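Protein chains in written order, with this note's numbering: chain A, 6 to 325; chain B, 42 to 393.
Glycine included, every Cβ here is placed at the ideal spot set by N, Cα and C.
Here the structure is a predicted model, which means the values were calculated and not measured.
Report on the structure given below.
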Amino acid sequence: MIRVVLRRLVYLVLVLFVITLLTYIVFFVGNPNDLAARFAGRDAGPAEIRDAAVRLGLNHGFWYQYWHYLTGLLHGSFGLDFQNQVPINSEISRAFPVTASLVLGAVVIWLLIGIPIGIMSATHPRSLRDRAGTTFALTFLSMPTFVLGVLFLLVFYYYLTRAGLSWFPAAGYVGLTSSPGQWFLHLILPWLTLALVQAAVYTRLIRGSLLDVLGEDYIRTARAKGLSRRTVIYKHGVRAALTPVVTQLGIDIGTLLAGAFVTERVFGLPGLGQLALNAIGAADLPVVAAIVVLAASFIVVMNTIVDIVYAVLDPRVRLA
Amino acid sequence: MSQGGLIGVDVEQERAEEKDPELLAKGIEQEFVGRTPWRLAWLRLRKDKVAMVSLGFIVFLVLVAIFAPLLTALIGHGPNTQYTTSGLSLSGIPVGPGHNGFILGTDDQGRDVLSRIIYGTQISLEVGVGATGLALVIGTVIGLLAGYYGGWVDSVLGRFMDILLSFPILLFAIAIVARFGPSLELLIIVIAMFSWPYIGRLVRGQVIGLREREFVEAARALGASDLRIMVIEIAPNLIALAIIYATLLIPVNIVLEATLSFLGLGIQPPTASWGNMISEAQTGDLYTVAWWFLVFPCVALVLTTLAFNLFGDGLRDALDPRQGRGHLGAKAKVKRGARLLVGKLDEGEAQS
């Protein structure tokens with residue numbers, strides 16, 4: 006186990022190195038003076054641009070800047086942003102709870118929808134219920150997140166409000182600590198948007214995986230030795246069928262925690278995705294790099310957790 | 042039960058019944074000779090009504106994209122022309138579907154929604170098919186090399202694919218597009234760049250299995266070069282897999298294009314793409330009273346991805362009955378006949 010974690014850590018460092026380097030290259034292929042000019046203010050002369058370059062550290066060579074950035078990272082600091090010279094750490098710590106609320110709530114909903122439908126489909130293959138489940142999955146699988154979000158806003162916010170039913174608030178975010186009720190209300194539509202699309206993926210995943218497992222010989226053995234259908238399906242079948250779900254969940258949580266761009270944009274949630282989009286629009290390189298680094302670390306950390314969960318779920322991994 | 046396999050049996054039986062008198066004359070053996078795996082797959086696919094309807098819709102989309110200028114000329118409204126008098130009411134509200142000759146209504150700038158959707162079809166297919174094609178080429182080449190040579194080549198290429206797959210794709214695509222300025226070509230390249238590893242991994246897996254097969258060994262014994270073995274012997278066996286996953290990757294890439302355009306980083310207005318139509322609609326408030334210019338592009342996008350997904354599923358069942366949704370458990374119940382058919386398809390593929 007320790008070896009797995011250690012190997013993962015080395016991998017994390019490798020991935021982070023490659024990703025930060027690529028981000029830097031992407032933004033510095035052009036002329037750093039252009040970048041400096043963007044932040045020097047309106048009607049800036051050559052002197053102001055030079056000042057801006059010095060202030061932002063752009064006057065140094067590429068490798069120097071990159072090294073400076075890496076040492077900062079090792080000290081746990083993402084540095085200052087270009088636009089306002091504010092510590093990026095504080096911007097991130099303001100945005101992260103928003104994204105985390107959105108993603109973790111959605112995860113709960115999509116698992117609660119996806120897994121039961123998937124199990125129902127798999128245990129009654131080719132039945133009407135299975136067909137309904139598959140149709141549900143395919144519909145939402147073909148539904149881009151932003152389409153669902155935009156349509157939700159139109160129907161559940163505008164149309165309902167105009168009909169005199171102000172059940173859902175407009176876009177925006179209210180902190181959990183300032184008002185739990187409002188926090189919940191503001192997140193219902195974003196949660197559903199994210200969750201329904203993901204639930205479709207999980208329905209398909211668990212259906213396929215459970216059907217495969219139920220075709221295994223050991224399931225027949227379990228039935229033959231007299232265990233009830235329920236025990237066989239849930240204790241022997243579902244448990245083994247969860248492995249691909251755990252993998253996918255790790256990837257999804259990792260990716261989404263670094264910003265659910267589309268959902269955040271549609272519903273005006275000031276999370277990491279919005280922060281990244283704004284920073285990209287403003288060519289605020291350090292912020293973009295910070296979020297890319299965060300994203301990659303989330304993904305690799307989640308992968309490590311998945312490896313550990315595997316060992317718990319699947320005795321073959323544990324014993325190997 | 043293996044659905045694909047069973048459908049195969051049905052087809053066989055039905056054909057046998059249809060041709061019964063002839064068969065009696067010619068002898069049954071002959072009827073079964075000369076039916077290529079592709080033909081078998083087509084017979085299976087033709088039985089799948091959902092897949093055929095989806096295929097019809099895809100063909101329709103392709104025709105719409107090709108004849109977009111002709112169609113908009115027939116409608117009489119250009120995609121970017123603002124019909125401020127006929128397309129907007131006096132108070133500036135867009136005209137609803139079916140009014141003043143605007144079949145799907147107009148948007149907040151008085152432009153014809155249908156004409157814009159028609160031109161959006163062009164963009165969606167260009168990016169979806171273009172990026173998928175590019176990803177297919179890169180993925181197949183890299184996957185072939187990794188799978189065939191194994192060893193350190195495989196380690197390096199495999200790791201590279203893993204790293205690409207653990208990238209925050211959307212974020213990185215956004216960053217690149219923001220840096221270099223959005224264009225159709227860049228969009229295709231960026232999307233392909235992040236989707237080829239999926240194909241690469243699949244191809245690699247297949248090749249690892251194939252390179253130990255007898256026909257490869259035979260080719261090597263006959264003195265064939267590595268290149269020849271890869272291109273002539275192994276690659277043809279990957280065609281079925283490539284077709285299936287390309288069909289399933291196209292909708293993913295179409296959605297990626299639409300998403301980037303929605304975020305303002307894809308196709309730039311006034312050029313119409315479904316993504317930027319939805320985004321433009323959502324930036325104002327007018328869509329809340331004139332739903333059509335928001336909803337119709339959404340419908341176009343969803344129907345298109347749905348059609349590709351359904352067709353891809355059908356194709357998978359038809360070409361690769363072992364892995365499709367039909368495979369799904371109850372393996373033990375697969376009839377011997379079905380097994381034999383599957384085996385036949387497999388053998389045929391290996392030789393085609």
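Test: residue i CB closer than 8 Å to a CB of chain A
i        : result
B/Asn294 : no
B/Phe334 : no
B/Leu347 : yes
B/Arg157 : no
B/Gly370 : Low local confidence applies: a pLDDT of 35 at B/Gly370 is under 50, so the model's placement there is unreliable, with the coordinate-based value given in what follows. Yes, contact with chain A.
B/Asn350 : yes
B/Gln323 : yes
B/Leu166 : no
B/Leu211 : yes
B/Ile179 : no
B/Arg242 : no
B/Arg85  : no
B/Thr147 : no
B/Thr329 : yes
B/Val94  : no
B/Ile204 : yes
B/Val343 : yes
B/Phe208 : yes
Proximity to residue i [Cα-Cα], best of the options
i        : options                                   : result
A/Leu116 : A/Leu133, A/Gly154, A/Val202 and A/Tyr162 : A/Val202
B/Gly128 : B/Ala341, B/Phe334, B/Leu342 and B/Arg357 : B/Phe334
B/Leu289 : B/Ala331, B/Tyr124, B/Ile275 and B/Ile240 : B/Ile240
A/Leu299 : A/Leu215, A/Val20, A/Ile7 and A/Leu40     : A/Val20
A/Ser106 : A/Arg234, A/Phe303 and A/Ile193           : A/Ile193
B/Arg245 : B/Ala276, B/Asn121, B/Arg85 and B/Thr126  : B/Ala276
B/Leu155 : B/Met318, B/Leu225, B/Leu351 and B/Ala299 : B/Met318
B/Phe143 : B/Phe235, B/Asp153 and B/Pro135           : B/Asp153
B/Arg357 : B/Ile295, B/Leu327, B/Ile280 and B/Tyr328 : B/Ile280
B/Tyr160 : B/Asp195, B/Ala341, B/Leu177 and B/Leu186 : B/Ala341
B/Glu253 : B/Pro238, B/Leu211, B/Met271 and B/Trp237 : B/Met271
B/Gly180 : B/Val168, B/Leu205 and B/Thr113           : B/Leu205
A/Ala263 : A/Val293, A/Tyr239 and A/Lys240           : A/Val293
A/Gly66  : A/Ile30, A/Leu85 and A/Ile97              : A/Ile30
A/Ala58  : A/Trp72, A/His80, A/Gln88 and A/Ile114    : A/Gln88
A/Thr139 : A/Leu190, A/Ala316, A/Leu153 and A/Ile120 : A/Ile120
B/Gly151 : B/Leu327, B/Leu351 and B/Leu86            : B/Leu327
Interface flag, residue i vs chain B, CB-CB below 8 Å
i        : result
A/Gly286 : yes
A/Leu159 : yes
A/Val267 : yes
A/Gly84  : no
A/Ser233 : no
A/Tyr163 : yes
A/Thr260 : yes
A/Pro149 : yes
A/Gly264 : yes
A/Leu156 : yes
A/Gln70  : no
A/Arg228 : no
Close Cβ partners of residue i (< 7 Å) along its chain, the five nearest in sequence each way excluded
i        : result
B/Leu102 : Thr162, Leu166 and Thr345
B/Glu58  : Note that B/Glu58 scores 46 on pLDDT, short of 50, meaning its location in the model is unreliable and no value can be drawn from it.
A/Pro275 : Ala100, Val103 and Tyr178
B/Gln364 : With a pLDDT of 48 at B/Gln364, under the threshold of 50, the modelled position of that residue is not reliable, and the figure given next carries that caveat. Taken in chain order, the residues that qualify are Arg357.
Same chain only: Cβ atoms within 6 Å of residue i, ignoring 5 sequence neighbours per side
i        : result
B/Glu274 : Val257 and Ala260
B/Ala214 : Val231
B/Asp89  : Gly355
B/Leu301 : Gly307
A/Asn64  : Ala58
Sequence-distant residues of its chain with Cβ nearer than 8 Å to residue i (five each side left out)
i        : result
B/Gln323 : Leu335
A/Gln90  : Arg60
*Along the chain, which unbroken stretches of the alpha helix (DSSP H) at least 4 residues long are found entirely within the segment 168 to 244 of chain A?*
185 to 219 and 222 to 229
*asked:* Can you pull out the residues from the segment 273 to 302 of chain A whose beta carbon lies closer than 8 Å to at least one beta carbon of chain B?
replied: Ala281, Leu282, Ile285, Gly286, Ala288, Val293, Ile296, Val297, Ala300 and Ala301
*Which residue spans inside the segment 119 to 172 of chain A form an unbroken beta strand (DSSP E) run of at least 3?*
Within the segment 119 to 172 of chain A, no complete beta strand (DSSP E) run reaches 3 residues.
*If you measure beta-carbon to beta-carbon, which residues of the segment 16 to 33 of chain A are closer than 9 Å to chain B?*
Tyr16, Leu19, Val20, Val23, Ile24, Leu27, Thr28, Val31 and Phe32
*Go through the segment 254 to 296 of chain B residue by residue and report every complete run of the alpha helix (DSSP H) that reaches 4 residues or more, in order.*
255 to 262
*asked:* At 4 residues or longer, what runs of the alpha helix (DSSP H) sit wholly inside the segment 184 to 250 of chain B?
replied: Listed in chain order, the complete alpha helix (DSSP H) runs (minimum 4 residues) inside the segment 184 to 250 of chain B are 192 to 206 and 210 to 221.
*Mind listing, in chain order, the continuous alpha helix (DSSP H) runs of no fewer than 4 residues lying wholly within the segment 316 to 362 of chain B?*
333 to 360
*If you measure beta-carbon to beta-carbon, which residues of the segment 121 to 141 of chain A are closer than 9 Å to chain B?*
Ala127, Pro130, Arg131 and Thr139
*Taking Cβ-Cβ distances below 9 Å as the criterion, which residues of the segment 215 to 241 of chain B are in contact with chain A?*
Of all residues in the segment 215 to 241 of chain B, only Ile215, Ala216, Ile217, Val218, Ala219, Arg220 and Phe221 place a beta-carbon less than 9 Å from a beta-carbon of chain A.
*Going along the chain, which residues of the segment 298 to 327 of chain B sit with their C-beta nearer than 7 Å to a C-beta in chain A?*
Ala299, Thr300, Phe303, Leu304, Ile319 and Gln323
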